[in-house]
Structures are given as structure tokens and as C-alpha cells.
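See structure below.
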Amino acid sequence: MPKTKAADACCSTGCEHRFDHNNLDDLMAHNKKWAASMKATNPEFFTQLNKGQAPEFLYIGCADSRVPANQIMGLAPGEVFVQRNVGNQAGHTDMNVMACIEYAVKSLGVKTILVCGHYNCGAVRAALTMPARTPGVVNCWISDIREARNQAAAELAELDEDAAVSRLCELNVMRQVFNVCTSPVVQEAWADGKELHVQGLIFDLKDGILHRLTGLINNATDVYSLRFDGGSVKAGVAKPAPAKKATAKAAAKAAPAAEAKTERPRKRRAAA
1 MPKTKAADAC CSTGCEHRFD HNNLDDLMAH NKKWAASMKA TNPEFFTQLN KGQAPEFLYI
61 GCADSRVPAN QIMGLAPGEV FVQRNVGNQA GHTDMNVMAC IEYAVKSLGV KTILVCGHYN
121 CGAVRAALTM PARTPGVVNC WISDIREARN QAAAELAELD EDAAVSRLCE LNVMRQVFNV
181 CTSPVVQEAW ADGKELHVQG LIFDLKDGIL HRLTGLINNA TDVYSLRFDG GSVKAGVAKP
241 APAKKATAKA AAKAAPAAEA KTERPRKRRA AA
């Protein structure tokens, strides 16, 4: 693909680079160019960077190459500790994520954990449309997103596919916020009275803007105010993705998910 002036202007993101993968000299040259530009802006930049890190944020986000954590928040190296994976998952059985949270909270002393998803997420779309028995590791990995889909099946069935993906992207973030908040390290920090905030965000690829999906969750009590029906912990958060009526085809696709929805058993009324 030939480069344009616009492509040259966004070279810092690498969005238009085409590398010869048999020879990574171009990649190494880009590194040297970047290092030189950082030194030109701040001669002490790497000296300070080498002294250690003291980030105030832990960012748990999607591995999607279009959503680089530091850049979308306008933060420099050393200002945010980053954990990224497919679909911004934060399951308690994932030792990678749990170790990252533990290190960030206990060793680095971060004050805020950000769980950030993005619209048009491939992992979320796969959870919505991929047959549950599809072989492969990815299908297993997105099982928690599929569970969020099942819980919201009735709502998603009223949307066309793109709108359903957007809505499920939001619900997935809220589900992972809940996972982070109920993780042993975060619960321990709150029990010890430490200052620690958790917030759910979503990134819009169409305009580059981050939106809040939850308010700041500051303690264990706030966690259980989270609702998975589109509610949030506090007022003043971003509105859900706009709903669109489903086409017959989209409704047919959503039907299996609706059937898979599990309802909580209702409590029996006490005998009079």
C-alpha cells in the first residue's frame, strides 16, 4: 500500500508500515528514530526512565493493535502499568492477570485500575456469533464473554448484529470490572483500608474517545451496585450503545443465545 501524507503523519502509530519480515532492519531503524526523538524532546528522559517506575494506573485492556494503552490516554512510558489480552479478560483463574494485579497493587502501589474495552471488538463478535463447539483455544478463552451474552440474550435479541456487538462490548467490560473488584488482591486492599479505585472504560475506534461505563468503585460495597442490565455504579456515566431493531436474520442468530440464558431460581415465599 503506497504511503500518503496522512499516513506519514500517523507514522508514530505504525498504522501504515509494511515491513520485510525476513529482515527487520527497518524496525530497528524506527526504534533508533523514536529514541532520538525522545532525547531531543527531553535529554533526561531515559535517565529518569531507568531509575524505576511508579505508575498510578493499572490498565487491563484488549490486545487489539488499534488500542495502545499509553497513546489513547496520552500518557508517557512509566505512567501506566499495562496488561492486555484478547477481549480484555480478567478471570480469577488467569494467573497472568491475577499476578499483574497483585504486582501493581502490592509492589507498585497503583491507585486506580482501569478495565478498558473497545467497540467493534473481534473477541466479542466471535462470542456472539461463533458456535460454542468451535475447536481452538480462542473459543475457550472467550467463554466468559459468551456467558455475558447468555445473560443478556433477551436484550441482544432486539438488536441487529453490529448494535448487539457494541452492547456486548459494554457488558463485557462491566463483567470484567466485577471480576477485578472481587479478586483476592483488590478485596484485601479494601479490607485493609487502602485507597484503590476501579473503573470501567470503553474506547470508540470511530473517534478515539474513551467513555466511562461505570463510576469509580472505591470499596467492596460499591461492587454489588453493579448491574448487568445496563445499569452502573453511579450516575453520570456514558449511555449504552444505541439500540436498533433486529432484522429477522439477526433475531434468528440471537435465538440460540436466548435459549441458553439461565435464570436464577426465584426464592419461595415464606409460609404465612
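So in full-length UniProt numbering, spot 41 of the sequence shown is number 41, and the numbers just go up one at a time. C-beta: ideal position from N, C-alpha, C; glycine also.
Exercise. Using the beta-carbon count (16 or more within 10 Å), is A40 buried or exposed?
Worked result: exposed
Problem set entry | Beta-carbon separation (whole angstroms), V80 vs G200, contact threshold 8 Å | Incorrect: roughly 16 Å between the Cβ atoms, too far for contact.
Problem set entry | Run of the alpha helix (DSSP H) containing residue 275, from where it starts to where it stops | This structure leaves residue 275 out entirely; the chain is present only between 1 and 272.
Problem set entry | Start and end residues, alpha helix (DSSP H) containing T41 | D25 to T41
For this session: Figure out for me which residue from M38, G74 and Y119 has the closest Cα to the Cα of L213.
Result: Y119
Exercise. Is the segment 78-94 close to the segment 134-149, with three or more CB pairs under 8 Å?
Worked result: Between the segment 78-94 and the segment 134-149 there are three or more inter-stretch CB-CB distances shorter than 8 Å, so the stretches are counted as touching.
Exercise. Would you call E170 buried or exposed, if buried means 16 or more other Cβ atoms sit within 10 Å of its Cβ?
Worked result: buried
Exercise. What span of residues does the alpha helix (DSSP H) with Q176 cover, start to end?
Worked result: E161 to C181
Exercise. Per the contact definition of three or more C-beta pairs closer than 8 Å, is the segment 100-113 in contact with the segment 54-74?
Worked result: yes
For this session: Could you tell me the distance, in whole angstroms, from the CA atom of P240 to the CA atom of D20?
Result: Unreliable positioning characterises P240 in this predicted model, as indicated by a pLDDT of 44, which lies under 50. A coordinate reading is not provided.
For this session: Return the bridge partner residues of R212 from the DSSP annotation.
Result: L201
For this session: Return the first residue and the last residue of the alpha helix (DSSP H) that T112 is part of.
Result: Premise fails: T112 lies in the beta strand (DSSP E), T112 to H118, not in any alpha helix (DSSP H).
For this session: Whole angstroms is fine: what's the gap from L205's alpha carbon to N23's?
Result: When rounded, the distance between both Cα atoms is 31 Å.
Problem set entry | N- and C-terminal bounds of the alpha helix (DSSP H) containing L49 | F45 to L49
For this session: Look at R149 and A127 and say whether their C-beta atoms are less than 9 Å apart.
Result: yes
For this session: May I ask which residues mark the beginning and end of the alpha helix (DSSP H) holding N85?
Result: Where N85 is concerned, there is no enclosing alpha helix (DSSP H), although the beta strand (DSSP E) it sits in stretches over V80 to N85.
For this session: Spell out the partners DSSP gives C62 in its beta bridges.
Result: N85, per the DSSP bridge assignment.
Problem set entry | Three-state class that DSSP yields for I142 in the structure shown | coil
Problem set entry | Limits of the alpha helix (DSSP H) - the one that L156 falls within | Unbroken alpha helix (DSSP H) run through L156: A153 to L156.
Exercise. Leaving out the 5 sequence neighbours to the left and right, which residues in its chain are closer than 8 Å to M38 when beta-carbon positions are compared?
Worked result: F45 and F46
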